[in-house]
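Below is one structure, written out as structure tokens; comments come after it.
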Amino acid sequence: MEKTLAQKFARTSLKMFGDEGSFTIDVSHLDSEEAAEAFRELGCEVKFDEVKPFLIVRRVDPERTATP
Numbered sequence: 004m005e006k007t008l009a010q011k012f013a014r015t016s017l018k019m020f021g022d023e024g025s026f027t028i029d030v031s032h033l034d035s036e037e038a039a040e041a042f043r044e045l046g047c048e049v050k051f052d053e054v055k056p057f058l059i060v061r062r063v064d065p066e067r068t069a070t071p
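Quick look at the structure:
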């Protein structure tokens with residue numbers, strides 16, 4: 004269930020913020036590792052914020068984010 008939620012969150016986030024190239028997003032409501040993996044599966048590079056439960060996401064493969 005957590006992985007499915009993380010995947011939906013990642014897809015929705017990329018639809019909203021993907022044109023920015025990179026963005027920082029709060030993942031305190033999710034397992035941060037699952038969220039990071041979901042973004043990676045969609046062709047993104049992910050870094051963890053050192054202080055807060057945020058991910059810094061950079062879109063590297065925009066073609067992989069086209070899936071519904």
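Sequential numbering from 4 applies to the sequence shown in our numbering. For every residue, glycine included, the Cβ atom is placed at its ideal position computed from N, Cα and C. These figures come from a predicted structure and were not determined experimentally.
Option in G21, T7, V54 with minimal Cα separation from R62:
What you label residue 62 is simply residue 59 of the sequence shown in a count that begins at 1. If we check each option's Cα against that of R62, G21 comes out closest.
Three-state class that DSSP yields for S25 in the structure shown
Against the sequence shown, residue 25 aligns to sequence position 22. In the three-state scheme derived from DSSP, where H, G and I count as helix and E and B as strand, S25 is classed as strand.
Does the separation of the CB atoms of I28 and F57 fall below 8 Å?
Here residue 28 refers to the residue found at position 25 of the sequence shown. Here residue 57 refers to the residue found at position 54 of the sequence shown. Yes, Cβ-Cβ distance for I28 and F57 is below 8 Å.
Own chain residues within Cβ distance below 8 Å of A1, not counting five before or after
Residue 1 lies beyond the stretch modelled for the chain, which goes from 4 to 71, so this question has no answer here.
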